[in-house]
Amino acid sequence: MNVFLNFCKSTVLATLIFWMIISPKSFEVDTFLFVLLSMIPVFVCCVVTIALTIYPFFSLFETETFDKKAVFNTFFPFYAIVAFSLCVYGIFLSDLEFYMIAFFTSAFMTTSYSWVWFSKEPM
Amino acid sequence: MKTIISIIAALLFSTLFYGQNIGLNLSVFSVITIGLLIFQHPKIARLKSAIVFIVVYFTTAIVVYFNHSALAIFANCVAFFTLIGTFSESRSSIYIRWLNGIYTTIAAYFQRRSDSTIDQEQQNWKKNRDYLQLAKLIGIPLMVSIVFILMYKNGNPIFNGFIEKINFEFINFQWFLFSLLGFFLFNNIINPVQIHPATTKDLQTDNQLHPTGPLLLDQLKKEQQLGILLMALLNILLIFYSITDIYYLLNNDITSASALSSQVHSGINTLIASIIVAILIILYFFRGNLNFYQDNVLLKNLSYTWIFLNIGLVVLIAIKNTEYVVVYGFTYKRIGVFTYLFLTLAGLITTFLKVRNVRNLWFLFRINTQVAFAILMVSSCIDWDHAITNYNLKHAENLDLNYLIDLTDNNAILLQDYTAEHRVSSNQQQRIHDKYIGFIDKVSERNWQEWTYDNILINKKFDR
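Protein chains in written order, with the working numbering: chain A, 214 to 336; chain B, 63 to 526.
Take a look at the structure:
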């Protein structure tokens, strides 16, 4: 599995979603530099989250008879429901704080896409 | 076609919900959802179970408009997930429908992305694409331009002014993102998906219990002996407890709030413990082959007795709670006790049916989740704040007006009318007046998306 490519794609996606949501509030030309710099912490977040919560499903359960597609179909629905619930809980816990909405939205979308990318990789 | 429908629905979604509170918009959203589902899946929409849940969802949509309570909104959301789950797989159990409904709503897009297969032509095109070159073409000029813009900005005040003038505030980007959310939502629910392993397993599992192997008579006899002894002992204990409880109820005139409260709460605690133990013991003994053992009649009868004694316990607590309500009126907690008692009654009856008809554990889950769903839907139809206030003002022997003032604004008109006809303390009168004025202001300031039945009431009251 090309885990590193998954990390990179997730980082780009998470950065895009996060900045797209917050850009109307705080986006100026100077901010471009911060967008690029923000990719470093976003990359760390993506690596930690994907390596700890998504990759193990594929590395532990994928076999010749139980392919990536089967792993996705079996575990992703529950992962998505739990992740979505935690994200909604986090948003309400932060009292609907704007940046937290952006953070949790990008987290949910990115982790979901990361599952899709893993599931579509050849065995 | 589906994309165009999703885009139109998304625009409607942002028109209804962007920057608005819940009101008429949720009812309209429900109608749009029902319309879309029927339009996209006419065959499923003709099924009996789909019709039932369409009616239920539509009813909750109307209830939201009339009641505007948190319970009504919650019931509407549950009905929404159930309906989506029904369109996902109409033969599944209600809890699987909830799972499918939630999954479809939040992640159907990703499921479809994963399911989609790329044809050979696309694969070749993807292979031939030079990603590195593409990244270079976009990334390097973009980064270099930004660095140079930042440098020139500091070096030239005219250039700096020009750059500062560029702003994209005329574009309501948040509205666009909100519409995108609407698109994502409708795109998901138009094509419901399933959680495959759970749905398949659910469809394969029936409600009937089957023998787990050959009947080992000696082992079953021993197990039955233990069961009979345990159930007999528990029955005797519960009979003794019930007699003392009835005696206490008949011979003590309990009217103080604290005594009634303690009676109800200690009764509820006993009931919770008793029923959990009862159901667990019954489920343990009737988990397998003992159901098919010919001499199990005595154990079954003792179990039925135990269930009916627990129903008696439910009735006793209901009587105590009713006494509490007659004297001090309704509160949410007292209504909660009645709800709990009703759910318990349903649990005991279904346990009885499980033993009598040799049903499995799934039968209990299926039927009890259906009962819980039905109770939620029925209770959401009642405007509880209004009902509690109306009952307490008319019938409660000891009225707690402060409790009623602390309820939501749904009872503001009732309280205001009450103060016009009855004497209340000046402090309470002021609080009721403030609540009423606040309510009128809030209702008057609503946009059409936020309208509820209160708007009509207020308009009528002030003849607008």
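Note that CB positions come from ideal geometry on N, CA and C, so glycine has one too. Because the structure is a prediction, the values reported are computed rather than measured.
- Using a Cβ distance threshold of 7 Å, A:V284 and A:F270 count as a contacting pair.
- Taking a beta-carbon distance threshold of 7 Å, A:P290 counts as an interface residue toward chain B.
- Residues W237 and F240 of the same chain have their beta carbon placed closer than 6 Å to that of B:Y80, with the five preceding and five following residues left out of the count.
- The beta-carbon distance between B:A260 and B:L423, rounded to whole angstroms, is 16 Å. This is too long to meet the 8 Å contact definition.
- By the C-beta density criterion, B:S131 is buried, having at least 16 other C-beta atoms within 10 angstroms.
- Under a criterion of Cβ atoms nearer than 8 Å, the residues of chain A adjacent to B:L239 are, in order, M233 and I234.
- Under the Cβ distance rule, A:A293 counts among the residues neighbouring chain B, one pair being separated by less than 7 Å.
- Looking at the DSSP output, B:Q270 shares a beta bridge with B:R421.
- Counting the other Cβ atoms within 10 Å of the Cβ of B:D264 gives 16 or more, which makes it buried.
- Residue environment for B:G398: exposed (fewer than 16 other C-beta atoms within 10 angstroms of its C-beta).
- Counting along the chain, no alpha helix (DSSP H) covers B:I444, and no H or E run does either.
- B:I164 belongs to the set of residues whose beta carbon lies under 7 Å from a beta carbon in chain A.
- Between B:A169 and chain A, the shortest Cβ-Cβ separation is below 7 Å.
- Between B:L364 and B:I290 a beta carbon distance of about 6 Å is seen, short of the 8 Å cut, so the two are scored as contacting.
- Between the alpha carbons of B:Q432 and A:L246 lies a distance of about 55 Å.
- Take B:N297, set aside five residues on each side of it, and the residues of its chain with a beta-carbon closer than 7 Å to its own are L364, T367, W368 and L371, in chain order.
- DSSP, read as helix, strand or coil, puts B:Q356 in coil.
- For A:V255 and B:A71, the gap between their C-alpha atoms comes out near 33 Å.
- The C-beta separation of B:I164 from B:F149 comes to about 13 Å, leaving the pair out of contact by the 8 Å criterion.
- Scanning chain A for C-beta atoms nearer than 7 Å to the C-beta of B:R175 yields V329, reported in chain order.
- Across the set A:L249, A:F220, A:S327 and A:I230, the C-alpha of A:L249 shows the shortest separation from the C-alpha of B:I208.
- Contact annotation: the region 80–99 of chain B touches the region 107–127 of chain B, with at least three C-beta pairs closer than 8 Å.
- For B:Q490, the CB contacts under 6 Å within the same chain, skipping 5 residues up- and downstream, are L463 in chain order.
- Nearest CB-CB separation between B:H258 and chain A: below the 7 Å threshold.
- For B:L86, there are no neighbours in chain A by C-beta distance under 7 Å, as the nearest C-beta there is about 22 Å away.
- Scanning the region 188–263 of chain B from its first residue to its last, the whole alpha helix (DSSP H) runs of 4-plus residues come out as 193–217, 219–227 and 235–252.
- No Cβ of chain B is located within less than 7 Å of the beta carbon of A:T244.
- Here A:Y268 has V216 as same chain residues with Cβ atoms under 7 Å from its own Cβ, once five neighbours each way along the sequence are excluded.
- Chain-order list of chain A residues neighbouring B:I334: empty, with the shortest C-beta distance near 27 Å, by a criterion of under 9 Å.
- A:T287 reaches chain B at P259, counting residues in chain order whose Cβ is nearer than 7 Å.
- Judged by beta-carbon spacing, A:F317 lies within the 7 Å limit of A:C300, meaning their Cβ atoms are closer than that value.
- Here the region 269–277 of chain B lies against the region 410–421 of chain B, with 3 or more beta-carbon pairs under 8 Å apart.
- Shortest Cα-Cα distance from B:F354 to any of B:L88, B:E151, B:L282 and B:V339 involves B:L282.
- Close partners of B:F142 in chain A (Cβ separation under 9 Å) are lacking, with about 15 Å as the shortest Cβ gap.
- A straight-line Cα-Cα distance of about 12 Å links A:F311 and A:W232.
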